[in-house]
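**Student:** Residue numbers (the working numbering): 17 to 275.
Dropping a structure here in structure tokens format, bear with me for questions.
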Amino acid sequence: MDTIAAPLLSLLRVGMRYPNGNLALQNLSFEVGTREFVSVLGPSGCGKSTALRLIAGLERPATGTLAWPAQGHAPELGFVFQESTLMPWTTVAHNVFLPLRLQGRTLASANATIAGALERVGLSHAAQAYPHELSGGMKMRASIARALVTRPRLLLMDEPFAALDEMTRLKLNDDLLAIQAEQGFAVVFVTHSVYESVYLADRVLVMGPPPGRIHGEIRIDAARPRGEAFRNSASYGEQCVAVSRALRRAVVGVGAESA
Ligand code: ADP
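Structure (structure tokens):
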């Protein structure tokens with residue numbers, strides 16, 4: 017009997033063209049395991065956001081297949097963007113309530129769930145605050161609480177921490193890993209940062225110039241939980257160099273790393 021678990025998500029030779037003729041993706045193939053953390057790294061315009069939109073069901077592949085082998089159907093998804101996309105006219109708690117409201121829940125029945133989600137991201141004290149009263153890091157925490165309040169099986173993150181200062185970003189990296197370890201969802205995490213991709217991921221997928229496809233895949237060799245010891249280790253530095261080289265090869269072409 018086959019003992020290898022079916023992946024949560026599988027993309028096979030996916031191609032996608034925008035209505036204006038732009039070929040955004042061609043032969044894009046990768047899998048994401050249940051509970052796996054996958055980083056997607058690549059230059060601007062290589063199709064990272066388009067790939068997330070396909071996974072989210074906002075676009076359809078023109079060619080190839082996108083399948084959910086583990087469940088047989090698309091699971092509950094969470095989405096976090098670089099801009100926190102909070103509704104400015106209402107409180108943090110009501111922002112986090114939105115996905116539950118869309119599921120038909122009443123606020124009274126959802127209050128404990130909302131409180132739990134806010135507590136998990138360290139925002140209990142800001143439940144009644146408005147988005148404009150929050151720092152950038154707090155806004156991102158609220159966005160993560162909103163994405164996780166429905167307990168998704170897969171969290172899609174599009175450069176979520178790119179606009180944050182370094183210390184806030186490192187803290188959010190650690191908190192995201194802790195929440196993922198506890199709740200067990202899979203993550204597809206788009207980033208421009210080699211360092212961030214290596215720190216977070218089980219695997220880093222490297223994309224090259226458009227049309228988007230996977231040019232390289234690096235499995236990150238590090239135990240979990242990860243923390244300062246990993247960040248300061250020679251192994252982390254070496255794996256960042258390896259990913260950096262793979263990115264240069266993808267962008268500039270074979271042999272670029274010797275230049
Ligand atoms: P990335 O996220 O890696 O920066 P995108 O997925 O946003 O890349 O874009 C991939 C390609 O598709 C780019 O060439 C971009 O110009 C094009 N593109 C993105 N969105 C649209 C759109 N709505 N209409 C037409 N072309 C688009």
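Note that the Cβ used here is the ideal one computed from N, Cα and C, for glycine as well.
What you are looking at is a predicted structure, and each value in this text was computed from that prediction instead of being measured.
Report all residues for which the CB-ligand distance to some heavy atom of the ligand ADP is below 6 angstroms; order them along the chain.
**Tutor:** Output, sorted by chain position: TYR34, ASN36, ASN38, ALA40, GLY58, SER60, GLY61, CYS62, GLY63, LYS64, SER65, THR66 and PRO226.
**Student:** Give the secondary structure of ILE236 by DSSP, where H, G and I count as helix, E and B as strand, and everything else as coil.
**Tutor:** Within the sequence shown, residue 236 is the residue found at index 220, counting from 1. Coil, per DSSP.
**Student:** Per DSSP, PHE205 forms a beta bridge with which residues?
**Tutor:** The residue given as residue 205 occupies position 189 in the sequence shown. The partner list for PHE205 (beta bridge, DSSP) reads SER55 and MET173.
**Student:** Is HIS231 helix, strand or coil by DSSP?
**Tutor:** For the purposes of this step, residue 231 is identified with residue 215 of the sequence shown, where counting begins at 1. Three-state result, HIS231: strand.
**Student:** Taking the alpha-carbon positions, what's the VAL137 to GLY120 distance?
**Tutor:** Within the sequence shown, residue 137 is the residue found at index 121, counting from 1. Within the sequence shown, residue 120 is the residue found at index 104, counting from 1. Cα to Cα, the separation comes out at about 24 angstroms.
**Student:** What are the boundary residues of the beta strand (DSSP E) that includes GLU16?
**Tutor:** Here the chain has residues from 17 to 275 only, and residue 16 is not among them.
**Student:** Would you kindly check if the distance between the Cβ of LEU263 and the Cβ of LEU289 is under 9 angstroms?
**Tutor:** The displayed coordinates of the chain run from 17 to 275. Any statement about residue 289 would go beyond what the structure contains.
**Student:** Nearest-angstrom Cα distance between SER60 and PHE113?
**Tutor:** Taking the first residue of the sequence shown as 1, we reach residue 60 at position 44. Taking the first residue of the sequence shown as 1, we reach residue 113 at position 97. Those two C-alpha atoms are separated by around 33 angstroms.
**Student:** Can the beta-carbon of PHE53 be found less than 9 angstroms from the beta-carbon of ALA72?
**Tutor:** Position 37 of the sequence shown holds residue 53. Position 56 of the sequence shown holds residue 72. In this structure, ALA72 does not lie closer than 9 angstroms to PHE53 by Cβ.
**Student:** Is the stretch 25-44 touching the stretch 186-195, taking contact as three or more C-beta pairs under 8 angstroms?
**Tutor:** Segments in contact, no.
**Student:** Only counting the same chain, and skipping five residues up and downstream in sequence, which positions put a Cβ closer than 8 angstroms to that of GLY243?
**Tutor:** On the sequence shown, residue 243 is found 227 positions in, with the first residue counted as 1. The residues are ASP190.
**Student:** To the nearest angstrom, report how far apart PRO104 and MET154 are at their CA atoms.
**Tutor:** Taking the first residue of the sequence shown as 1, we reach residue 104 at position 88. Taking the first residue of the sequence shown as 1, we reach residue 154 at position 138. Rounded to the nearest angstrom, the two C-alpha atoms are 14 angstroms apart.
**Student:** Can you tell me the Cα-Cα spacing of SER140 and SER55, whole angstroms?
**Tutor:** Against the sequence shown, residue 140 aligns to sequence position 124. Against the sequence shown, residue 55 aligns to sequence position 39. Roughly 29 angstroms between the two C-alpha positions.
**Student:** Could you give the distance in angstroms between the alpha-carbon of ASN127 and the alpha-carbon of LEU118?
**Tutor:** Walking along the sequence shown from the start, residue 127 turns up at place 111. Walking along the sequence shown from the start, residue 118 turns up at place 102. Roughly 15 angstroms separates the two Cα atoms.
**Student:** Going straight from the alpha carbon of PRO35 to that of LEU216, what length do you get?
**Tutor:** Counting from one through the sequence shown, the residue named residue 35 turns up at place 19. Counting from one through the sequence shown, the residue named residue 216 turns up at place 200. Taking the straight line from one Cα to the other gives about 35 angstroms.
**Student:** Work out the CA separation of PHE246 and VAL259 for me, nearest whole Å.
**Tutor:** One-based indexing of the sequence shown puts residue 259 at position 243. One-based indexing of the sequence shown puts residue 246 at position 230. If I take the Cα positions, the gap works out to 16 angstroms.
**Student:** Excluding the 5 residues flanking PRO147 on each side, which residues of the same chain have their C-beta closer than 8 angstroms to its C-beta?
**Tutor:** In the sequence shown, counting from the first residue as 1, residue 147 sits at position 131. Around PRO147: SER100, LEU102, MET103, PRO104, VAL108, ASN111, LYS155 and ALA158.
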